[in-house]
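Asker: Quick note, the sequences are listed as chains A and B, same order. Read in order, the letters of the first sequence are residues 276 to 631 in this note's numbering. Read in order, the letters of the second sequence are residues 276 to 631 in this note's numbering. For every residue, glycine included, the Cβ atom is placed at its ideal position computed from N, Cα and C. Owing to the predicted nature of the structure, the values given are computational and were not obtained by experimental measurement.
There are 2 protein chains.
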Amino acid sequence: MHVSVTIKDVAKKANVAPSTVSRVISDSPRISEKTKRRVRKVMDELGYHLNYNGRVLVSQSTQTIGIVTKVASVHSFDNPFFSELLRGISDACHEKDYSIYLTTGNTEESIYREVVKMVQGKRVDGVIVLYSREDDNVVPYLRECNFPFVMIGKPVSHTSDTMFVDNDNVQASKEVTDYLIGLGHQKIGFVGGDSHYEVARDRLSGFKLSLREQGLELTEDYLKNIQSGKADAETVVEELLQLTEPPTGLVITDDYNSMKVMRALEDKGIRLPDEMSIVGFNNTMIARLSKPPLTTVDTQSFQLGHESARSLIELLNHPDMVKKSIIIPTIIVERESCIRHKVEKSESEQDYQAPH
Amino acid sequence: MHVSVTIKDVAKKANVAPSTVSRVISDSPRISEKTKRRVRKVMDELGYHLNYNGRVLVSQSTQTIGIVTKVASVHSFDNPFFSELLRGISDACHEKDYSIYLTTGNTEESIYREVVKMVQGKRVDGVIVLYSREDDNVVPYLRECNFPFVMIGKPVSHTSDTMFVDNDNVQASKEVTDYLIGLGHQKIGFVGGDSHYEVARDRLSGFKLSLREQGLELTEDYLKNIQSGKADAETVVEELLQLTEPPTGLVITDDYNSMKVMRALEDKGIRLPDEMSIVGFNNTMIARLSKPPLTTVDTQSFQLGHESARSLIELLNHPDMVKKSIIIPTIIVERESCIRHKVEKSESEQDYQAPH
DNA sequence: TATCGATATGATATCGATTTCATAATTTGA
DNA sequence: TCAAATTATGAAATCGATATCATATCGATA
Numbered sequence: 276m277h278v279s280v281t282i283k284d285v286a287k288k289a290n291v292a293p294s295t296v297s298r299v300i301s302d303s304p305r306i307s308e309k310t311k312r313r314v315r316k317v318m319d320e321l322g323y324h325l326n327y328n329g330r331v332l333v334s335q336s337t338q339t340i341g342i343v344t345k346v347a348s349v350h351s352f353d354n355p356f357f358s359e360l361l362r363g364i365s366d367a368c369h370e371k372d373y374s375i376y377l378t379t380g381n382t383e384e385s386i387y388r389e390v391v392k393m394v395q396g397k398r399v400d401g402v403i404v405l406y407s408r409e410d411d412n413v414v415p416y417l418r419e420c421n422f423p424f425v426m427i428g429k430p431v432s433h434t435s436d437t438m439f440v441d442n443d444n445v446q447a448s449k450e451v452t453d454y455l456i457g458l459g460h461q462k463i464g465f466v467g468g469d470s471h472y473e474v475a476r477d478r479l480s481g482f483k484l485s486l487r488e489q490g491l492e493l494t495e496d497y498l499k500n501i502q503s504g505k506a507d508a509e510t511v512v513e514e515l516l517q518l519t520e521p522p523t524g525l526v527i528t529d530d531y532n533s534m535k536v537m538r539a540l541e542d543k544g545i546r547l548p549d550e551m552s553i554v555g556f557n558n559t560m561i562a563r564l565s566k567p568p569l570t571t572v573d574t575q576s577f578q579l580g581h582e583s584a585r586s587l588i589e590l591l592n593h594p595d596m597v598k599k600s601i602i603i604p605t606i607i608v609e610r611e612s613c614i615r616h617k618v619e620k621s622e623s624e625q626d627y628q629a630p631h
Numbered sequence: 276m277h278v279s280v281t282i283k284d285v286a287k288k289a290n291v292a293p294s295t296v297s298r299v300i301s302d303s304p305r306i307s308e309k310t311k312r313r314v315r316k317v318m319d320e321l322g323y324h325l326n327y328n329g330r331v332l333v334s335q336s337t338q339t340i341g342i343v344t345k346v347a348s349v350h351s352f353d354n355p356f357f358s359e360l361l362r363g364i365s366d367a368c369h370e371k372d373y374s375i376y377l378t379t380g381n382t383e384e385s386i387y388r389e390v391v392k393m394v395q396g397k398r399v400d401g402v403i404v405l406y407s408r409e410d411d412n413v414v415p416y417l418r419e420c421n422f423p424f425v426m427i428g429k430p431v432s433h434t435s436d437t438m439f440v441d442n443d444n445v446q447a448s449k450e451v452t453d454y455l456i457g458l459g460h461q462k463i464g465f466v467g468g469d470s471h472y473e474v475a476r477d478r479l480s481g482f483k484l485s486l487r488e489q490g491l492e493l494t495e496d497y498l499k500n501i502q503s504g505k506a507d508a509e510t511v512v513e514e515l516l517q518l519t520e521p522p523t524g525l526v527i528t529d530d531y532n533s534m535k536v537m538r539a540l541e542d543k544g545i546r547l548p549d550e551m552s553i554v555g556f557n558n559t560m561i562a563r564l565s566k567p568p569l570t571t572v573d574t575q576s577f578q579l580g581h582e583s584a585r586s587l588i589e590l591l592n593h594p595d596m597v598k599k600s601i602i603i604p605t606i607i608v609e610r611e612s613c614i615r616h617k618v619e620k621s622e623s624e625q626d627y628q629a630p631h
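Structure, rendered in structure tokens:
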């Protein structure tokens with residue numbers, strides 16, 4: 276490895292003091308153009324490059340932000356939603372010349388330790404927490420030591436004094452349920468994710484809200500969760516199909532899960548979308564490429580990531596700014612996974628609705 | 276933000292010298308147990324936590340590794356292959372207590388600048404380059420300044436003195452082409468990615484090798500590329516179908532592209548797998564969830580990432596170690612996107628095939 | 001010409017840790 | 001019991017940069 280040339284080496288060769296070199300680096304107006312030129316020339320000759328660690332130590336600022344996420348959750352590496360978030364964050368960081376530092380832990384405990392290390396070890400200036408979760412200890416920790424952070428998702432508590440970027444998930448979920456109802460579906464199932472996450476609850480309540488407003492009854496049997504370690508898509512599908520009156524439409528809170536459910540349904544011989552309409556969430560690339568292409572709620576994950584990074588950086592530069600929160604609008608993007616429900620002739624006369 | 280407590284504060288309160296505290300932190304055997312206990316107690320009371328930047332400055336080691344990737348390539352954020360790589364890297368880093376630093380640039384130029392910043396600015400101890408590309412300037416730069424790095428993919432040059440982790444891509448590609456031929460396909464197309472990448476070339480030559488060995492003729496018209504900014508899946512499919520004798524099987528060098536092609540084919544009314552057999556690469560989650568589920572070459576991307584990080588860390592700890600390279604085996608995972616090709620009666624009677 | 005005010009640069013302390021060298025305290029051996 | 005060897009700790013330099021304060025130089029003004 277090549278030997279580093281420091282500010283002192285430059286200073287010596289250029290016959291100036293280290294402080295002068297430092298000023299040249301920051302292009303201070305207090306140094307004459309003549310000296311600047313000379314010093315810069317020497318820097319070139321010597322191949323000088325600034326060592327960040329030295330600067331970090333005195334400036335107490337790393338110009339890097341930490342990303343906290345959990346493996347094995349919706350917010351995790353193998354979900355394209357995560358990638359989009361990351362891409363948005365990365366993009367914003369690049370704009371502002373910030374760097375990204377990633378947690379690598381697998382368990383709650385190890386993630387917590389890593390966050391402490393990032394924060395106390397002063398490795399990052401601020402943190403973006405990619406989830407909002409009820410029994411989480413990272414956020415309370417950050418709050419306690421008053422460390423700058425932004426979360427993606429609605430905080431479980433302290434909503435007014437924490438910065439967050441989120442969608443209006445209950446509204447989004449309500450709209451998409453309305454959409455299914457508008458298509459004539461009456462028996463609609465809900466397949467959520469891990470209910471420890473705030474986003475899961477919001478989407479569930481949006482779903483319920485829609486049913487209520489539209490005068491449909493809530494069937495507990497239609498409410499399912501896909502949760503790693505507990506219920507997978509196959510189980511959920513099985514349970515749903517075993518019901519005497521299986522749903523004809525499904526609101527599934529994540530594209531990835533939607534895909535899994537679609538495959539499980541087809542394994543059971545259900546034709547899509549004919550026998551089951553499905554809407555997903557996030558509008559990831561899998562929604563575009565699935566078969567049938569998935570109608571989904573675009574949560575604009577790139578924007579979510581982008582805004583969170585922008586806000587955090589703004590907060591870092593203006594520590595006293597008001598802790599605003601940002602709501603990114605959602606859009607239903609219609610593709611081919613939903614069809615108008617065909618009225619069945621059957622027992623009672625629910626059949627005799629007017630055709631549309 | 277809370278005020279930091281430093282080693283000096285601890286020293287003062289515990290009535291010892293800063294050097295003693297430092298020794299307690301590193302659990303030096305030269306400090307008596309009694310003193311250690313006392314100092315540790317004070318550290319607890321004061322809520323002391325080590326500041327990494329101070330340590331980094333003297334130890335000249337950051338315990339973090341940089342990841343270099345390009346947005347908008349196979350190796351990019353929106354491809355699940357990338358996520359798997361990242362997961363593998365992250366996992367290995369966590370094991371060894373290393374941290375991850377991510378590049379955020381979009382253009383070749385900005386990525387190059389970021390790498391220089393990482394390297395010269397001493398922000399990372401080593402880097403993993405997630406691609407191997409012909410006209411790349413990052414790798415030559417790293418080589419020139421003798422900075423530790425590992426690449427994923429086969430180096431364009433200097434193969435023997437650079438560490439890399441790769442699959443045997445020509446072999447893998449040959450095998451999977453053999454597989455298609457073994458299924459009775461004679462007219463096989465190849466859909467590659469950006470041909471600037473080494474991996475694309477290797478897979479193409481494996482493909483050609485297979486044809487040659489199996490005594491099939493190479494049809495130039497069957498060789499296509501999906502390349503952002505140039506040809507997309509729709510174009511490729513259109514071109515392929517316009518041929519007087521379209522292929523009956525397709526080797527596509529990435530699952531993601533396979534999916535796109537599959538959708539494009541279906542848009543053209545081609546039934547899958549009946550009218551076109553397809554194999555992909557990487558065995559990402561989209562292969563599992565696609566319809567039909569995709570037969571694909573498992574490149575074991577998690578392992579690829581994992582091994583690259585392990586190797587790099589090993590290199591960092593033993594700078595003089597031999598620059599070994601690691602080849603991760605590939606496995607064809609058969610799913611439902613390929614079927615045995617039904618032998619056609621010659622042109623004239625090809626309609627009179629037996630129904631199946 | 002003496003003084004003041006810019007302007008340009010240097011000397012030095014500092015950020016928070018580690019490490020080398022020195023020294024004090026304790027134990028060992030003769 | 002005293003020198004030698006060991007053990008435990010402290011003082012100070014250091015990593016590479018920045019920032020504060022001091023000083024030298026120069027031109028302008030009275």
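If the cut-off is 9 angstroms on Cβ atoms, which residues from the stretch 550-571 of chain A count as contacting chain B, listed in chain order?
Answerer: Per Cβ criterion, the list reads T559, M560, I561, R563, L564, S565, K566, P567, P568.
Asker: If we ignore side chains and look at the alpha-carbon of each, how far apart do I456(B) and S503(B) end up?
Answerer: Each residue's Cα considered, the two are about 29 angstroms apart.
Asker: Can you find a C-beta in chain B that's less than 8 angstroms from the C-beta of N442(A)?
Answerer: It does not; no Cβ of chain B falls within 8 angstroms.
Asker: Does the distance from the CB of T337(B) to the CB of T378(B) come in under 8 angstroms?
Answerer: Taking 8 angstroms as the Cβ cut-off, T337(B) and T378(B) do not qualify as a contacting pair.
Asker: Residues of chain B with CB under 8 angstroms from G401(A), in chain order?
Answerer: Those do not exist, as G401(A) stays about 10 angstroms from chain B at its closest Cβ, beyond 8 angstroms.
Asker: What residue range does the beta strand (DSSP E) around K499(A) cover?
Answerer: Segment 498-500, the beta strand (DSSP E) holding K499(A).
Asker: Quick check on G322(A): does DSSP put it in helix, strand or coil?
Answerer: In the structure shown, G322(A) sits in coil (DSSP, three-state: anything other than H, G, I, E or B).
Asker: With a CB to CB cut of under 7 angstroms and the five nearest residues on each side skipped, what residues in its chain are close to M537(A)?
Answerer: Answer for M537(A): L547, I553, S565, listed in chain order.
Asker: Taking the continuous beta strand (DSSP E) assigned at M438(A), which residues delimit it?
Answerer: Segment 438-442, the beta strand (DSSP E) holding M438(A).
Asker: Taking the alpha carbon of V280(A) as the reference point, which residue from L321(A), S612(A), R563(A), L590(A) has its own alpha carbon closest?
Answerer: Among L321(A), S612(A), R563(A), L590(A), the Cα nearest to that of V280(A) belongs to L321(A).
Asker: Closer than 7 angstroms between beta carbons: that is the criterion. Which residues of the stretch 313-330 of chain B meet it against chain A?
Answerer: So the close ones are H324, L325, N326, Y327, N328, G329.
Asker: Could you run through the stretch 535-548 of chain A and flag, in chain order, every residue whose CB is less than 8 angstroms away from some CB of chain B?
Answerer: If the cut-off is 8 angstroms between Cβ atoms, the stretch 535-548 of chain A has K535, M537, R538, E541 near chain B.
Asker: Under the DSSP definition of a beta bridge, which residues are partnered with V390(A)?
Answerer: V390(A) pairs with nothing; no bridge assigned.
Asker: Between the stretch 380-399 of chain A and chain B, which residues of the former have a C-beta closer than 9 angstroms to a C-beta of the latter?
Answerer: The residues in question are G380, N381, S385, E389, V391, K392, M393, V394, Q395, G396, K397, R398.
Asker: Identify the contact partners of P293(A) in chain B, using a Cβ-Cβ distance below 9 angstroms as the criterion.
Answerer: Within chain B, no residue comes near P293(A); the closest Cβ sits about 16 angstroms away, beyond 9 angstroms.
Asker: Using the C-alpha atoms, what's the distance from L332(A) back to S294(B)?
Answerer: Between S294(B) and L332(A), the C-alpha separation is close to 19 angstroms.
Asker: Please state if the CB of L540(A) and the CB of P423(A) are separated by a distance shorter than 8 angstroms.
Answerer: No. Outside cutoff.
Asker: If the criterion is Cβ atoms closer than 8 angstroms, does the pair D477(B) and S448(B) meet it?
Answerer: Yes; because the gap between Cβ atoms is below 8 angstroms, this pair is in contact.
Asker: Since I believe D443(B) is in contact with I427(B) (beta carbons under 8 angstroms), could you give me their beta-carbon distance rounded to a whole number of angstroms?
Answerer: With a Cβ gap of about 14 angstroms, I427(B) and D443(B) do not count as contacting.
Asker: For V349(B) and chain A, any beta-carbon pair shorter than 8 angstroms?
Answerer: Its pLDDT being 48, under 50, V349(B) is placed unreliably by the model, and nothing is read from it.
Asker: Helix, strand or coil for G481(A)? Go by DSSP, reduced to three states.
Answerer: Correct three-state label for G481(A): helix.
Asker: With T528(A) and T574(A) assumed to form a contact (beta carbons below 8 angstroms), what rounded beta-carbon distance in angstroms separates them?
Answerer: That belief does not hold up - the Cβ atoms of T528(A) and T574(A) are roughly 10 angstroms apart, past 8 angstroms.
Asker: Find the residues of chain A that neighbour C368(B), judging by a C-beta separation of less than 7 angstroms, and give them in chain order.
Answerer: Those are T379, listed as they occur along chain A.
Asker: In three-state DSSP terms, what is R408(B)?
Answerer: In this structure, R408(B) counts as strand in the three-state DSSP scheme.
Asker: Quick one: is Y376(B) near chain A, going by C-beta distance under 8 angstroms?
Answerer: Closer than 8 angstroms to some Cβ of chain A, the Cβ of Y376(B) qualifies, so yes.
Asker: Select from N557(B), M596(B), T571(B) the residue whose C-alpha is nearest the C-alpha of G580(B).
Answerer: The shortest Cα separation from G580(B) among N557(B), M596(B), T571(B) belongs to N557(B).
Asker: Taking only three categories from DSSP, how would you classify G524(B)?
Answerer: It is a strand residue.
Asker: Please determine, among I614(B), K599(B), T559(B), the residue with the shortest C-alpha to C-alpha distance to L360(B).
Answerer: Closest by alpha carbon: T559(B).
Asker: For T339(B), is the classification buried or exposed, using 16 other Cβ atoms within 10 angstroms of its Cβ as the cut-off for buried?
Answerer: Label assigned to T339(B): buried.
Asker: Are the stretch 387-407 of chain B and the stretch 411-422 of chain A touching, with three or more C-beta to C-beta distances below 8 angstroms?
Answerer: They do not touch, by the three-pair rule.
Asker: Taking CB distances under 8 angstroms as the criterion, tell me whether L332(B) reaches chain A.
Answerer: It does: the Cβ of L332(B) has a partner Cβ on chain A nearer than 8 angstroms.
Asker: Using the DSSP secondary-structure output, state which residues sit across from M426(B) in a beta bridge.
Answerer: M426(B) is bridged to V404(B), F439(B).
Asker: Could you pull the start and end residues of the alpha helix (DSSP H) that T571(B) belongs to?
Answerer: Segment 570-573 is the beta strand (DSSP E) holding T571(B); no alpha helix (DSSP H) there.
Asker: Between T523(A) and K462(A), is the Cβ-Cβ spacing less than 8 angstroms?
Answerer: Cβ atoms of T523(A) and K462(A): closer than 8 angstroms.
Asker: Please compile the residues from chain A whose C-beta is within a distance smaller than 7 angstroms of the C-beta of S503(B).
Answerer: Here the premise fails: no neighbours, minimum Cβ distance about 13 angstroms.
Asker: Does any residue of chain A bring its CB to less than 8 angstroms from the CB of S336(B)?
Answerer: It does not; no Cβ of chain A falls within 8 angstroms.
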